[in-house]
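Enquirer:
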Amino acid sequence: MSIVQLKRVAKTYHLDSVNVPALRDINLEIRPQRFTVISGASGSGKTTLLNLIGCIDRPDSGEIVIAGQAVNTMSDNALSDYRCKHLGFIFQNFNLLPVLNAYENVEYPLILAKVPAAQRKRRVLALLDAVGLADRVKNRPGQLSGGQRQRVAIARALAPSPELVLADEPTANLDSQTGKEIIALMRKMQREHAVSFVFSSHDPQVMAEADDGIVIRDGRVMSVQRQGEPLEVSQ
Amino acid sequence: MNAVLLALRNLLRNRRRSLATLLAMIIGLSAVLVFGGYASNVVHGLETAVVKRSGHLEIQRQGYFRDGSDNPTSYGIAHYQRIIDRVKNDPVLRPMLVVVTPTLEFGGIAGNFAAGVSRSVAATGVDVNERNRMFLWNDYDEINYANPLALAGTPDDSVIIGSGVARKLQLCGPLKVSDCVQPPGPAPERAASASSIGSAASAEPDDLLRLSDQERTSEPPKRETQIELLAANTRGAPNVINVNVVAADNVGVKEWDDVYLVMHLKEAQRLIYGSGPPQVTAIMLQLKHTSQVPVARARLEALLKGPFADQPLELQDYDTLNPMYRQSVNFMASIFSFIAVLIGVIVLFTVGNTMSTAVAERTVEIGTLRAIGLRRSGIRALFMIEGILLGMAGAVLGALCALVVAFLINHSGLTWTPPGYIYAYLVQISILQDLPLLFGSAAGLVLVAALSAWWPAGRAAGMDIVDALRHA
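Sequence lines, in order, name chains G and V. Residue numbering for the first sequence follows the numbering used here, beginning at 1 and increasing consecutively. Residue numbering for the second sequence follows the numbering used here, beginning at 236 and increasing consecutively.
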C-alpha cells in the first residue's frame, strides 16, 4: 500500500491574467517508510507537488490519498487537524517560532494535537535528545546555529508521530557539512520512527541518500526510480 | 505554551512598538478617566447641592410648579401636618426618609425704607431645624459648601438674606458683607420722597411708603438690621411685617443671591395667611439615597390618592424641580461622550495599525502555524488575544495613571468658578468614587482594542498557507 497516491492531479496558478500550469495530470504513488526525493529544476513543480501532498494546497482536479485517506475533499478545519496529527513539515528556512525556545517549538504541535502534558514532556525531551539538542532545550532559535535550528525543526516534525514528513529543500540554507549531518539525522530518524520522508531537493547529497527518486519537469513526472525496482520513465 | 502566553511573548517581541501603542492607550484612558472623574464630581456636587436645598421629592398642589409658584394662596396645601405625619409613619417610606419638612415660598418686596431702598425677593419660610438637618445630606462625601441656616434659636421675626440682597438694601455694614461699594448719594427727589410721602416724584408707590411710614411711627426705633417685608396676603392685599436680618449668606449663584430670603415658617405663614389656617406650598422629602426616589415616588403616589384626595396634589422630583441640574448633567455627559469617542477612535487606529504591522511581519509564521495544524480560528484567536492583552495592559496602566493624576489634582488646591457662580470650588476628580466610570472606561478600552485587532486577525486567519510560506 502506498503512503501517497495522486490520481490525475492538476494544478494551475492564476497570475494576474496569465494561467501558469504547475502540475499536469500527475499520477504517482509513494511507498511508505521510505526516503523519497522529488527532484527537478526550479519551476518544475516539485514544491507545488510537495504542497499538495502536504495538504497545504488543493489541486484543481484529481484525487490525493494520504495514508489511505482522501484529503482533497476535506474541509479546511479537517485538513488542519489532519496535518496536525498525520503530517510533519521541515522547511528550507527552518520556520521555527522565534518567541518559543527549542522545547516549546517541538511541544507546540503536540499541544495542538491535545497530547497530555506529561506525555508531551517525555516525547519532546526524547526527540530533542535524539537530534542532539538535549542541552539546548531552553535556547530560542536566535541562540541556535542553522544546523541546530534544522534539528529542532526535525524534532518538531516528528513530534506528533506522523505517518509522513515533508521537507522542502531542507539543506538549501546549510553549508555542505551541516547539510550532510542533517541528511544523516533525517535518515536515522526516518528509520527509527518508521516514518515516510518526502523531500523536494536538487541537492545531490539528498538525492544520493534517497530510497526512491521522482524526477519532475514542466509539471509532469518524468521518471520514478524505486529502490530495487526498474526505472519508470513517463512517455 | 498556551495561546495567551504565546500572544504575550509576541507582544514583547517588538517592545518599542508595543510600548508606543500602550502609551497611546494609557494617555487616552487617563484623559477619559480624569475628565470623567471631574464630571462625576461636578454632577455629584450639583446633586448634593440640590438635595440639600430642596430634597428629593416635593409634594405640591397640582399645577403649582408650572403655574402657581408666585401664588401661595391659591396653591397652598391645607392640613399639611396630616400629610407629613402620614408620610413619616408609612412603613414603606419610613426607612428611606431623612427629613420631611414643610416649606412656604412666595415673592415679596424687602425694603430698607430708612435708606430709601427696596427690592423684590424670593422668600422661603422654613422649619429651621429640619432644614438644617437637610444640609447634612452628603451621600457622595462631597466637600461641603453649604453652611447651616443661622436662624436656629432665633426669634420668629429673624431672616437671612443673600449677600446680593444685603448690598441692594445697603446693609453691608451691619451684616459685615465684604466687597460692598458705597452707593452714590440719593437723588434729591428720592431723598425727598423718603421723608415726604405722596410726593409726585417718589420712586416708590405711595401706598407702600405710607404703610412703611405707619409701621415706622408705630414701633420702637428700628435696629440697623431691621427691614420691612411686604407680600400679598390671601385676599390679595399687601401685608407688611418688620423682620430682623440676622445674617447675609453668599448663596453661590448671583441671580439667586440677589433675591434670597429665608425666614421662619410661622412668620411667613403669618405674613401670607394672617390669622387664617396656615398652609405651605410644598412638603419636601429628603431620602437617604437618590436611588430610592422611584420606590418612594411610587409609594407616595399611592398614598396621596387615598385619604388626601380632597385636595389635588402632585409629586415633583429634584430632577424636575431643578432643570439646570439635568441640563448640567447632560452637558457633562455630552462632553464626556465626545472625548471618549475621540480617544476611542485614536486607540482603534493605533492598535489596528500595530496589529496590521504584526500580521505583515509574521506572515511566514502564520503560514508555518497553519501548516503544522493550527486552524484559521486559532490564528484569529492568537491576534485577537494580542489585541485584548494590549487593551488590558492599557486599561490597568491607564487607570493607575489616571488615579495618580487625580490624586495630584485633588491635592493641588486648584479651584474654578462655575458659570454663574460667585465663589470658586476646589477642582476634585472622583474616579474611585465612580466605579461604573472606572470599570466602564477600562472595559471600553479593552473592547476597542479587541475591535481594532478584529480586522487584522481576520486577515491573518484568511491567509493562504502557500502564499504565507512564500512571503519574503
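No residue lacks a Cβ here, since even glycine has one placed at the ideal position from N, Cα and C.
Determine contact between the stretch 93 to 102 of chain G and the stretch 54 to 72 of chain G, defined as no fewer than three beta-carbon pairs at a distance below 8 Å.
Expert: no
Enquirer: Between the Cα of R296(V) and those of A387(V), V361(V), P547(V), S393(V), spot the shortest distance and give me the residue it belongs to.
Expert: Put simply, of A387(V), V361(V), P547(V), S393(V) the residue whose alpha carbon is nearest the alpha carbon of R296(V) is P547(V).
Enquirer: Taking the alpha carbon of Q190(G) as the point to measure from, which residue in S200(G), A210(G), H202(G) has its own alpha carbon closest?
Expert: A210(G)
Enquirer: Buried or exposed: K114(G), going by 16 or more other Cβ atoms within 10 Å of its Cβ?
Expert: exposed
Enquirer: Just the chain G side, please: which residues come within less than 9 Å of R615(V) by C-beta, in chain order?
Expert: For R615(V), no chain G residue has a C-beta closer than 9 Å to its own C-beta; the minimum C-beta separation is roughly 13 Å.
Enquirer: Quick check on P141(G): does DSSP put it in helix, strand or coil?
Expert: helix
Enquirer: Ordered along the chain, which non-local residues of its own chain (more than five positions away) have a Cβ less than 7 Å from that of E549(V)?
Expert: The answer, listed in chain order, is Q295, Q297.
Enquirer: Please identify, using Cβ separations under 7 Å, the residues of the stretch 20 to 31 of chain G that lie next to chain V, in order along the chain.
Expert: none
Enquirer: Using a Cβ-Cβ cut-off of less than 7 Å, give me the residues of the stretch 73 to 85 of chain G that come near chain V, in sequence order.
Expert: D76, N77, S80, D81, R83, C84
Enquirer: Heavy atom of the ligand ZN less than 7 Å from the Cβ of V416(V), yes or no?
Expert: Among the components modelled here there is no ligand, and therefore nothing to report on the ligand ZN.
Enquirer: Ignore the nearest five residues each way along the sequence and tell me which others in N19(G)'s own chain have a CB closer than 6 Å to its CB.
Expert: Result list for N19(G): T12, in chain order.
Enquirer: Please compile the residues from chain V whose C-beta is within a distance smaller than 8 Å of the C-beta of P116(G).
Expert: Correct list: empty, because the minimum Cβ distance to chain V is about 14 Å.
Enquirer: Could you check the C-alpha separation between S430(V) and S353(V) for me, to the nearest Å?
Expert: In this predicted model, S430(V) has a pLDDT of only 48, less than 50, meaning its place in the structure is not dependable; the value taken from the coordinates is given anyway. Cα-Cα distance, rounded: 15 Å.
Enquirer: Please go through the stretch 372 to 399 of chain V and give each complete alpha helix (DSSP H) segment of 4 or more residues, from N-terminal end onward.
Expert: Counting whole runs of 4 or more residues, the stretch 372 to 399 of chain V contains no alpha helix (DSSP H) stretch at all.
Enquirer: Which of the three DSSP states is assigned to Q150(G) in this structure?
Expert: helix
Enquirer: Could you check whether the stretch 470 to 482 of chain V touches the stretch 517 to 532 of chain V, counting it as contact only if at least three pairs of C-beta atoms, one from each stretch, sit closer than 8 Å?
Expert: As far as the Cβ criterion goes, the stretch 470 to 482 of chain V does not touch the stretch 517 to 532 of chain V, which means the pair count is below three.
Enquirer: State yes or no: is the beta carbon of R252(V) nearer than 8 Å to at least one beta carbon in chain G?
Expert: Interface residue (Cβ-Cβ distance to chain G less than 8 Å): R252(V) is not classified as such.
Enquirer: Quick check on V594(V) - is its C-beta less than 8 Å from some C-beta in chain G?
Expert: no
Enquirer: Quick check on DSSP: helix, strand or coil for P711(V)?
Expert: Summary: the structure shown does not reach residue 711(V), with chain V confined to residues 236 through 707, and so no result is reported for it.
Enquirer: Are the C-beta atoms of V599(V) and some chain G residue less than 8 Å apart?
Expert: Answer yes: the Cβ-Cβ gap between V599(V) and chain G drops below 8 Å somewhere.
Enquirer: Is the Cβ of P162(G) closer than 8 Å to any Cβ of chain V?
Expert: no
Enquirer: On the criterion of 16 or more Cβ atoms from any shown chain inside 10 Å, does N72(G) qualify as buried, or is it exposed?
Expert: buried
Enquirer: Using a Cβ cut-off of 7 Å, which residues of the stretch 650 to 674 of chain V contact any Cβ in chain G, in chain order?
Expert: If the cut-off is 7 Å between Cβ atoms, the stretch 650 to 674 of chain V has nothing near chain G.
Enquirer: Is the separation between the beta-carbon of G40(G) and that of I216(G) shorter than 8 Å?
Expert: Taking a C-beta distance under 8 Å as the contact criterion, G40(G) and I216(G) qualify as a contact pair.
Enquirer: Give me the residue from R505(V), V488(V), A255(V) with the minimum Cα distance to V478(V).
Expert: R505(V)
Enquirer: Which residues, in order along the stretch 85 to 99 of chain G, keep a beta-carbon less than 9 Å from a beta-carbon of chain V?
Expert: K85, L87, G88, F89, F91, N93, N95, L96, L97, P98, V99
Enquirer: So, does the CB of N139(G) fall closer than 8 Å to a CB anywhere in chain V?
Expert: no
Enquirer: P170(G) and I53(G) - do their beta-carbons sit closer together than 8 Å?
Expert: no
Enquirer: Within the chosen definition, does the stretch 137 to 145 of chain G reach the stretch 114 to 123 of chain G through at least 3 CB pairs nearer than 8 Å?
Expert: no
Enquirer: V209(V): which of L496(V), F348(V), R288(V), T652(V) sits nearest, CA to CA?
Expert: Outside the displayed range of chain V (236 to 707) lies residue 209(V), so it cannot be described from this structure.
Enquirer: Residues in the stretch 101 to 134 of chain G with C-beta within 8 Å of chain V's C-beta atoms, listed in sequence order?
Expert: E104, E107, Y108, P109, I111, L112, A113
Enquirer: Thinking just about the alpha-carbon of each residue, which of S253(V), G272(V), R250(V), L254(V) is nearest to the one in N645(V)?
Expert: G272(V)
Enquirer: Check the DSSP bridge columns for R220(G) and list the partner residues they point to.
Expert: R217(G)
Enquirer: In chain order, what are the residue ranges of uninterrupted alpha helix (DSSP H) at least 4 long that sit wholly in the stretch 80 to 136 of chain G?
Expert: Secondary structure in the stretch 80 to 136 of chain G: the alpha helix (DSSP H) runs of 4 residues or longer, each lying completely within the stretch, are 102 to 112, 117 to 130 in chain order.
Enquirer: Taking 8 Å as the CB-CB cut-off, is N249(V) touching chain G?
Expert: no
Enquirer: Indicate whether P307(V) and F348(V) have their beta-carbon atoms separated by less than 8 Å.
Expert: no
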